[in-house]
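Peer 1:
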């Protein structure tokens, strides 16, 4: 049965109104049916996730309801450009918080930020979903939640020198690059922490559709 997950972030604000709650209940029933029907295809787990913050704007916004589906056992954990739900590494959260971010680097990839743009394996990555150049602040000393391997690569010009993603980990970023708590702060996500891939937005109705 799909579980409803609230990822960590800013407060969600007002409680859903009755119409919204009714629609959500209907969607959960539909998800249950879809999950049961998929049993012959493999063991799938579904999560209904509520986005509480703007770290993934404009792809995902505060209050969006999205479906996250876990892959069948033995399937690949993630591909580059996937939107994934994962348990935050210890450096990012000591309480087991769950985040939704975009995968930009796979094991063995090199990742860099030069002049406000993302480079993977030495090539600039076109990102139409990103609305402004990336600029990362350079703290004089690492924060308690900062991975020193990443902090040492941040530059005074607002970029990030090349890092190589370790085996069995991912490099993830929020689409709201300049206001996202992600791998540029706390480092790499163990592949084993990945819960599933965000596949569909159910709410709001005017932006419902595949992700």
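In my numbering, the protein residues as written are 204 to 414. Heads up, the beta-carbon is just placed ideally off N, CA and C, and yes, glycines get one too.
(1) Could you please give the first and the last residue of the uninterrupted beta strand (DSSP E) stretch that includes residue 320?
(2) Looking at residue 389: is its Cβ nearer than 8 Å to the Cβ of residue 281?
(3) According to the neighbour-count rule (16 or more other Cβ atoms, all chains shown, within 10 Å of its Cβ), is residue 380 buried or exposed?
(4) Would residue 328 and residue 313 qualify as a contact pair, given that the criterion is a beta-carbon distance under 8 Å?
(5) Taking the straight line between their C-alpha atoms, what separation do you get for residue 354 and residue 387?
(6) Provide the residue(s) that pair with residue 416 in DSSP beta bridges, ordered along the chain.
(7) Could you tell me whether any Cβ in chain D is nearer than 8 Å to the Cβ of residue 356?
(8) Can you tell which of 363, 287 and 352 has its C-alpha closest to the C-alpha of residue 402?
(9) I need the DSSP call for residue 394, collapsed to helix, strand or coil.
(10) Is residue 251 helix, strand or coil when you go by DSSP?
(11) Among 249, 303 and 358, which one has its Cα closest to the Cα of residue 265?
(12) Note down, in chain order, each residue of its chain lying with its Cβ closer than 7 Å to the Cβ of residue 333, except the 5 sequence neighbours on either side.
(13) Could you give the C-beta distance for residue 317 and residue 307, rounded to a whole number, given that I count them as a contact under 8 Å?
(14) If you measure between the beta carbons of residue 426 and residue 398, is that distance less than 8 Å?
(15) What span of residues does the beta strand (DSSP E) with residue 365 cover, start to end?
(16) Do you know how far the Cα of residue 301 is from the Cα of residue 383?
(17) How should residue 404 be labelled, buried or exposed, when 16 other C-beta atoms within 10 angstroms of its C-beta is the threshold for buried?
Peer 2: Quick answer:
(1) Locating residue 320 in the chain shown gives position 117, where the first residue counts as 1. For residue 320, the enclosing beta strand (DSSP E) stretches over residues 320-323.
(2) Translated into positions along the chain shown, residue 389 becomes position 186. Translated into positions along the chain shown, residue 281 becomes position 78. No; because the gap between Cβ atoms is not below 8 Å, this pair is not in contact.
(3) On the chain shown, residue 380 is found 177 positions in, with the first residue counted as 1. It counts as buried.
(4) Stepping through the chain shown from its first residue, residue 328 is reached at position 125. Stepping through the chain shown from its first residue, residue 313 is reached at position 110. No, they are not a contact pair.
(5) Indexing the chain shown from 1 puts residue 354 at position 151. Indexing the chain shown from 1 puts residue 387 at position 184. Note on geometry: alpha-carbon atoms of residue 354 and residue 387 lie some 8 Å from one another.
(6) In the structure displayed, the chain extends from 204 to 414; residue 416 sits before or after that span and is not available.
(7) The structure shown contains no chain D; it holds only a single protein chain.
(8) Position 199 of the chain shown, counting from 1, holds the residue named residue 402. Cα-wise, what sits closest to residue 402 is 287.
(9) For this step, residue 394 is matched to residue 191 along the chain shown. Residue state, collapsed to three classes: helix.
(10) Start at 1 with the first residue of the chain shown, and residue 251 comes out as number 48. In the three-state DSSP reduction, residue 251 falls in the strand class (E or B).
(11) Residue mapping note: residue 265 aligns to position 62 of the chain shown, counting from 1. When 249, 303 and 358 are compared, the shortest CA-CA separation from residue 265 is found for 303.
(12) The sequence position of residue 333 within the chain shown is 130, counting from 1. Close CB contacts of residue 333 within its chain, under the 7 Å cut and outside five residues either way in sequence, are with 378 and 380 (chain order).
(13) To locate residue 317, count along the chain shown from 1; it is residue 114. To locate residue 307, count along the chain shown from 1; it is residue 104. Rounded, the Cβ-Cβ distance is 14 Å, inconsistent with contact.
(14) Examination of residue 426 is not possible in this model, given that the chain is present from 204 through 414 alone.
(15) Here residue 365 refers to the residue found at position 162 of the chain shown. Annotation for residue 365: the continuous beta strand (DSSP E) segment containing it runs 363-367.
(16) Taking the chain shown and counting its residues from 1, one reaches residue 383 at position 180. Taking the chain shown and counting its residues from 1, one reaches residue 301 at position 98. Distance between the alpha carbons of residue 383 and residue 301 is about 14 Å.
(17) Position 201 of the chain shown, counting from 1, holds the residue named residue 404. Here residue 404 is buried. Its C-beta has 16 or more other C-beta atoms within 10 Å.
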